[in-house]
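Colleague: Per the numbering used here: the sequence shown = residues 379 to 784.
Virtual Cβ for every residue (Gly too), placed ideally from N, Cα, C.
Keep in mind it's a predicted model, so treat the numbers as computed, not measured.
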Amino acid sequence: MLPFYKPSYDPDTVKALDEVLQSGWLTTGARTKEFEKQLTAYCGNKNTICVSAATTGLELMLRWFGVGDGDEVILPAYTYSATANVIIHCGAKPVFVDSGPDFNLSMKEVEKAITSATKVIMPVDFAGLPCDYDSLNELVARDDLVAMWESKNEIQEHLGRILILSDSAHSFGGTYKGKTVGSLTDISVFSFHAVKNLTTGEGGAIALNLNSKFDNKAIYNSLNTNSLHGQTKDALAKTKNGEWRYDVVNAGYKCNMTDIQAAIGLVELAKYEKHTLVKRKAIFDYYTKAFEKLEWAEVPEYSSEYRTSSCHIYPLRIRGIEEMQRDLIIERIFSRKVAVNVHFQLVPMMSFYKGLGYTPESYPVAFDNYTREITLPVYTDLSESDMDKVIAAVTESVLEELVVNA
Ligand SMILES: *Cc1c(COP(=O)(O)O)cnc(C)c1O
């Protein structure tokens, strides 16, 4: 079976892990700080803080902004449930919106969904393709929306408008009008989960890029405290002579990144631009070249004049099929010893969210995208013959299914 995903093995990672294990320091320390510095340099944002996952990073930022009871947060229905779960954790209401043809949230639908209770918009750069950030940034700054803004705390007062908190779990390294994801809007959160483009096993980072009214370094410091029990000193600071005494200034969370994770991340980052992204783009090019000439295949956008994807996942759509046919095609692909996947089942399709009264039919474009979508394997060790096998398995399976249904 050709697996859907396989992490790459790199001897440099083993060396880095050996070093960190021998260093006598495993949790948050010098390596995490170095990783944060290099991430900031790569993305071109103001400050970056590493955390245990994208999920904890997103929640930390919703709580930083004081999102809670009675507040609404806009997000696409077409995302992983983590984006919505953190809104629930904070006691706020997820307001799902439909997608556009590029899978990302539809700007028209975002505009329609805004109310006086809207505190945050959480765009998701699906498959690694950055959303239309110029439109999003302009929308939240629009006079009528700013006039409608009601702040509940000092931070909200200071921003004076809806916050954009991007779920950039897929899009590390993506670009939009010459800028890199992380520097495109207020705050972007990356995931370094095992299947993501750049991995630390589990992990994430918050890229702060708030406007000059904010002291991003001071926010970084407060997030450091809040990701470590509300403690005024981290473990490393406490090791110094005379520094054992610390204070707890709030009931903080525990979602810091370890130096073990950062050591892996530093190796991954060093080869990211010149190796990882190049390889992933080559895989996308190979698939697209094979599929774009076939009538039934709808290939994804991943590279245009103004934006490039990080090529995280390859979402192929089959034209004119229904959900049930897609499922049968996937069975046929698996029987040809190729593993594929579906991204995503809409969050409103999940039992918990259905129980809250959401229905997938309310998001017709996203639902149509879902019913016709098959995600193909993309990972750096994928060879040309692997890709040929994927292309043959998909093509034969689709044609077989279309004949059965003709
Ligand atoms: C992977 C993913 C997340 C969660 O990332 P973690 O680091 O596992 O918390 C959130 N949103 C999207 C769109 C994802 O794909």
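Using the Cβ count rule (16 or more neighbours within 10 Å means buried), how would you classify ASN589?
Modeller: Residue 589 sits at position 211 when you count from the first residue of the sequence shown. For ASN589, the number of other beta carbons within 10 angstroms of its own is below 16, and it is reported as exposed.
Colleague: Can you grab the Cα-Cα spacing for the pair PHE722 / ASP746, in whole Å?
Modeller: In the sequence shown, residue 722 corresponds to position 344, counting from 1. In the sequence shown, residue 746 corresponds to position 368, counting from 1. Each residue's alpha carbon lies about 11 Å from the other.
Colleague: Quick one: using the 10 Å Cβ neighbour count with 16 as the cut-off for buried, is VAL437 buried or exposed?
Modeller: One-based indexing of the sequence shown puts residue 437 at position 59. Reading the sequence as shown, one finds Glu at residue 437 and not Val. GLU437 should be labelled buried.
Colleague: Could you give the uninterrupted runs of the beta strand (DSSP E) lying entirely in the stretch 578-637, keeping only those of 3 residues or more?
Modeller: 582-586
Colleague: State the beta-bridge partners of GLU450 as determined by DSSP.
Modeller: The residue you call residue 450 lines up with position 72 of the sequence shown. The partner list for GLU450 (beta bridge, DSSP) reads LYS471, THR496.
Colleague: Per DSSP, LEU483 is paired with what?
Modeller: As a first step, residue 483 is located in the sequence shown; it is residue number 105 there, counting from the start. Residue pairing by DSSP places LEU483 opposite SER477 in a beta bridge.
Colleague: Within its chain, find whatever has a CB closer than 7 Å to the CB of PRO693; leave out the 5 residues flanking it on each side and keep chain order.
Modeller: Locating residue 693 in the sequence shown gives position 315, where the first residue counts as 1. Contacts found: PHE481, ALA505, PRO678, HIS721, GLU751, THR753.
Colleague: Shortest alpha-carbon distance to LEU507 belongs to which of ASP447, LEU672, THR493, HIS690?
Modeller: Taking the first residue of the sequence shown as 1, we reach residue 507 at position 129. Checking every option, the nearest Cα to that of LEU507 belongs to HIS690.
Colleague: Figure out for me which residue from ASP625, SER605, ALA432, TYR624 has the closest Cα to the Cα of SER546.
Modeller: Along the sequence shown, read from residue 1 onward, the residue named residue 546 stands at position 168. Answer by Cα proximity: ALA432.
Colleague: Pick from PHE413, GLU516, LYS591: whose alpha carbon is nearest that of ALA640?
Modeller: Taking the first residue of the sequence shown as position 1, residue 640 is located at position 262. Ranking the options by Cα distance to ALA640, first place goes to PHE413.
Colleague: Please classify LEU483 as buried or exposed, where buried requires at least 16 neighbouring CB atoms within 10 angstroms.
Modeller: Locating residue 483 in the sequence shown gives position 105, where the first residue counts as 1. By the 10 Å Cβ count, LEU483 comes out buried.
Colleague: Could you name the residues of the same chain whose beta carbon sits closer than 6 Å to that of ALA613, not counting the 5 residues immediately before and after it, in chain order?
Modeller: If you number the sequence shown from 1, residue 613 lands on position 235. Taken in chain order, the residues that qualify are THR405.
Colleague: If you measure between the beta carbons of GLU700 and THR749, is that distance less than 8 Å?
Modeller: To locate residue 700, count along the sequence shown from 1; it is residue 322. To locate residue 749, count along the sequence shown from 1; it is residue 371. Their beta carbons are under 8 Å apart, which means GLU700 touches THR749 by this criterion.
Colleague: Round the Cβ separation of ASN594 and LYS424 to the nearest angstrom and send it over; I've been treating them as touching at under 8 Å.
Modeller: Indexing the sequence shown from 1 puts residue 594 at position 216. Indexing the sequence shown from 1 puts residue 424 at position 46. Correct: roughly 4 Å between the Cβ atoms.
Colleague: Check each candidate in VAL626, ARG539, GLU487 and name the one with the smallest Cα separation from ALA744.
Modeller: For the purposes of this step, residue 744 is taken as residue 366 along the sequence shown, with counting starting at 1. Here the closest residue by C-alpha is GLU487.
Colleague: So, do the stretch 644-663 and the stretch 517-524 have three or more beta carbon pairs nearer to each other than 8 Å?
Modeller: no
Colleague: Just tell me which of THR418, VAL473, TYR458, ASP396 has its CA closest to the CA of SER740.
Modeller: On the sequence shown, position 362 is the one that residue 740 refers to. For SER740, the nearest C-alpha among the options comes from VAL473.
Colleague: Enumerate, from N- to C-terminal direction, the unbroken beta strand (DSSP E) stretches of 3 or more residues contained entirely within the stretch 709-754.
Modeller: 751-754
Colleague: With DSSP run on the structure shown, which of helix, strand or coil describes LYS667?
Modeller: Stepping through the sequence shown from its first residue, residue 667 is reached at position 289. Residue state, collapsed to three classes: helix.
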